[in-house]
Amino acid sequence: MRSLSTHDACAHTTARSPFHAPARLGILHPRPLRATKGVGQARWPFPPSVAVSATTSSAAGASSSAVHGEAAPSTSAIGLGAGAGGSISWFDSWYPVAFTKDLDPAKPHRVTLLGIPMVVWWDKNAAAWRVFEDVCPHRLVPLSEGRITPSGLLECGYHGWAFSGDGKCEVIPQQGKCDTPRACATGYHCAVRQGLLFVLPKPLPPALRPSGGTNDELAAALAAVAEEEARIPLVSELEEPGGKWLSQDVWRDLPYDWSTLMENVLDSSHVPFTHHASMSNRNVIGPYDLKLTSAITDAGFSGMWTTGPRAGKLGPQSTTFTAPCFLKHRLDSKGFASLTVVYAVPMEPGRCRLINRNVLRFNNAIPEAIFGLVPSWWWHVSSHVLLEDDQIFLHLGEEETARRRAGGLGHSQVCYMPSQADTYVIAFQRWLSRFGGGGPFGGGGLAADGAAFVEALGPRLSRKALLDRYSQHTETCASCQQGLKQVGGAAAAARAVAVAAGAAAVFCAAVAVAVAGAAATGAGAVAAAGAAGAAGGAAAGAAGVLSAVGSVLVAAAGAVAGPYDPTGVSHMLRAAAWALLAAAATAAGGRLEALRKLFYEGVYPPPRNLKD
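According to my numbering, the residues represented by the sequence shown are 5 to 616, in order.
Below you can see the structure in the form of structure tokens.
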């Protein structure tokens, strides 16, 4: 359990400070939670249920105003729909785990979904992505620690067992091919839609496994696959024929629960304050006249912010929450339309993956052209600061909230939300209580497992760990690995240019001094020309004596210092030009090195604490 205290608590969000507790081991490292418990590691003591029945706790469903005895305008529009009493199956829902452009097809990738360790890999023989349980059936080690062989098989790094795309064990080096079902890897149904790899986190049906089934069973299974894929939550605007929507795609593994992320992105009223000076302004806010435009059902809910962001300057904003983890804000403004799309992917208790698409449509061709030139890694690096604006207090706030709810209290009983700005948060918490069973890992204030959920969160992460961009993103992002190499290479090149230009400046200055001295003493132009390494009688004579390498050096020296000038003025001007280039390269190298560091860690304090 994270170390706890009650000081500095905020009645609204229950976020707290200090940051002296040890890092929460195991949360940022993609290992599954196990039934056993070790020192300093987060453990999940029981498996999540396949189907979660709806709960009807009046405590969880009560509005904040009812608890505190005050009128709350945000609750008047919040009501449960006719679907109340239903249930959702977390393992029958589709979840995106990665943008395919950020996956390296040359190696396996480990992901965690609903506590299940999975390995994503490219099957070149079928030209398709595959998702297996990240466990070799031989000795249960992670397949993601292996490799993809030249023949296109996923090979375990322990003993070399190798698997084809359907999960069949094709190679056992110590024995040969093994056709028994126990030798097969466990596969999961996956599909690529809109550039995202979606996974259905339940094993493939028997008819689609290597052992196969009858023709009728196979036909039925394939028909079921088509029906399953029709349920994948997509951005409908990107399916419009002839649409010119441009998508800025980012992702990051976050050290807090999926439900905390969903609350955060539903809550527009935090933006001017949390993201002041990074994307918004705390001095420009307007009415938060949020209202629901649909009932809360097992499928989710929708709403409208009539005034909209920036005190209404951008127009009204609509919001749709599609259960269990899809959110879309839509804003239609003069000159452009925008969508903020978030998939809050549940990985483990207290850990989720953000899949974010910021989708834009311009009425002008120039922004479209500029948008298309920006590399993917730049969007990733530039988005980190926005996530880190609230990452620290969300990590701490969810711990306090979970601790207070562990005895069975509802969200509205521990958080005071009297404002209409909290309409969507209250609606989400009602959906989670009524239809989501408190979430895929329990918790959510349910008395039966609330304490276990708090225990599963593990100790707090340090501030440094919370701002660790490399382990939360860069390490496993193919786009950012490429960007890191490009920026690092450019920084090294800039440093080399700075050194060479600096040396050239010194050389030219020395030539200018030598020429001036020779002229003053009447030594003549020959000695000065030799010092300059320039073309002329002395240089030509020297070149005739020097070796081929020496000739090259003389020519290079002449190129650096320029044609011989008996006054030395042109050589001094050259020195100044080389010095300016050295200074510019040094500055560029510093900027590039600062950019390279942004792939590794965030900065503190956040921008909002530095600017009024």
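Every residue, glycine too, gets a C-beta built ideally from N, C-alpha and C.
Quick caveat: nothing in here was measured; it's all calculated off a predicted structure.
Quick check: the Cα distance between residue i and residue j, rounded to an integer number of angstroms?
i, j, result
"G414", "T218", "50 Å"
"P121", "M308", "38 Å"
"L331", "D183", "44 Å"
"A498", "S423", "53 Å"
"D106", "H113", "11 Å"
"A130", "V115", "22 Å"
"G401", "G246", "44 Å"
"G169", "G594", "46 Å"
"R186", "E244", "45 Å"
"E267", "T427", "11 Å"
"G199", "L391", "22 Å"
"V139", "Y162", "11 Å"
"W382", "A520", "51 Å"
"D616", "S284", "12 Å"
"C484", "P379", "10 Å"
"A227", "E404", "46 Å"
"L201", "L144", "25 Å"
"S342", "D336", "6 Å"
"T344", "V269", "9 Å"
"Y474", "A514", "46 Å"
"S482", "A102", "Ser is not the amino acid found at residue 482; the sequence shown has Ala there. So the two alpha carbons sit approximately 11 Å from each other."
"H274", "K111", "40 Å"
"R151", "H142", "16 Å"
"N367", "I289", "27 Å"
"G85", "A195", "With a pLDDT of 42 at G85, under the threshold of 50, the predicted position of this residue should be treated as unreliable, and no value is reported."
"D302", "S416", "20 Å"
Quick one: residues in its chain with C-beta nearer than 6 Å to the C-beta of residue i, no 5 flanking neighbours on either side, listed in chain order?
i, result
"A211", "G217, E221, L222 and A225"
"S322", "M308 and R334"
"R286", "P276, F277 and H280"
"A410", "G454, A455 and V458"
"P444", "P52, W94, L118 and P350"
"A189", "F136, F167 and G171"
"G312", "L318, G319, P320 and Q321"
Buried or exposed for residue i, going by 16 or more other Cβ atoms inside 10 Å?
i, result
"S155", "exposed"
"L265", "buried"
"I374", "exposed"
"P353", "buried"
"I359", "buried"
"I370", "exposed"
"E394", "Note that residue 394 corresponds to Asp in the displayed sequence, not to Glu. Counting Cβ neighbours within 10 Å, D394 comes out buried, since at least 16 surround it."
"G446", "buried"
"T480", "buried"
"P177", "exposed"
"T571", "exposed"
"Q179", "exposed"
"R235", "exposed"
"A509", "buried"
"L584", "exposed"
"A542", "Its pLDDT being 40, under 50, A542 is placed unreliably by the model, and the measurement read from it follows with that caveat. Buried: at least 16 other Cβ atoms inside 10 Å."
Let's see if you can read the secondary structure: which residues bound the alpha helix (DSSP H) around residue i?
i, result
"A460", "G454 to L461"
"P276", "V275 to T278"
"V517", "A482 to T525"
"V385", "S380 to R409"
"D220", "N219 to E233"
"N268", "W262 to L270"
Leaving out five residues on either side along the sequence, give the residues of the same chain with a beta carbon under 8 Å from the beta carbon of residue i.
i, result
"G376", "L250"
"V175", "L157, E159, G164, W165, A166 and K181"
"A389", "For clarity, residue 389 is Val in the given sequence; the question names Ala instead. If we look at V389 and ignore the five residues flanking it on each side, its Cβ neighbours are S282, G606, V607, P610 and P611."
"S574", "G566 and P567"
Check whether the Cβ atoms of residue i and residue j sit closer than 9 Å, and answer yes or no.
i, j, result
"V385", "L596", "no"
"A561", "F511", "yes"
"V203", "V135", "yes"
"W126", "P146", "no"
"V501", "A587", "no"
"R361", "D253", "yes"
"K248", "E372", "yes"
"R357", "D261", "no"
"L599", "A496", "no"
Could you pull the start and end residues of the beta strand (DSSP E) that residue i belongs to?
i, result
"E617", "Residue 617 is absent from the structure shown; the chain starts at 5 and stops at 616."
"I289", "Neither: I289 is in no beta strand (DSSP E) and is coded neither H nor E."
"T324", "Q321 to T326"
Near residue i, which residues of its chain fall below 7 Å by C-beta distance, leaving aside the five closest residues on each side in sequence?
i, result
"L208", "G191, Y192 and H193"
"S396", "Checking the displayed sequence, the identity of residue 396 turns out to be Ile instead of Ser. Cβ within range, chain order: R467 and L470."
"S298", "F305 and S306"
"K295", "A81, G307, M308 and T427"
"P328", "I92, W94, S97 and G440"
"S148", "P112, H113, R114, V123 and D138"
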